[in-house]
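Undergrad:
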Amino acid sequence: MARVSPFRAVRPKPELSTQVAAPPYDVVSLEEARNLAEDNPHSFLR
Numbered sequence: 000m001a002r003v004s005p006f007r008a009v010r011p012k013p014e015l016s017t018q019v020a021a022p023p024y025d026v027v028s029l030e031e032a033r034n035l036a037e038d039n040p041h042s043f044l045r
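Per numbering that gives the first Met the number 0, residue 0 is the first one in the sequence shown, and the count goes up by one each step.
1. Run through DSSP, which three-state label would L44 get?
2. Taking the alpha-carbon positions, what's the Y47 to M0 distance?
3. Hey, how far is the Cα of L35 from the Cα of A20?
4. Kindly list the residues whose CB is nearer than 8 Å to the CB of H41, restricted to its own chain and excluding five residues on each side of it in sequence; keep chain order.
5. Once the 5 residues before and after E31 are set aside, which same chain residues still bring their CB inside 8 Å of it?
Below, the structure written as structure tokens:
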């Protein structure tokens with residue numbers, strides 16, 4: 000059986016939350032995701 004250990008969550012700084020947030024993966028195409036992440040180094044889409 001696999002052992003699952005707890006880990007700390009990754010949470011952005013509150014002031015970066017709007018830059019990090021991304022739409023759900025199933026509503027954007029690959030091209031749209033690339034465009035959203037292109038100029039945003041904080042995006043989770045990177």
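Built from N, CA and C at the ideal position, the CB exists for glycine as well.
TA: Working from what's here:
1. coil
2. Residue coverage of the chain in this structure runs from 0 to 45, which leaves residue 47 outside it and unanswerable.
3. 11 Å
4. P11, L15, Q18 and V19
5. none
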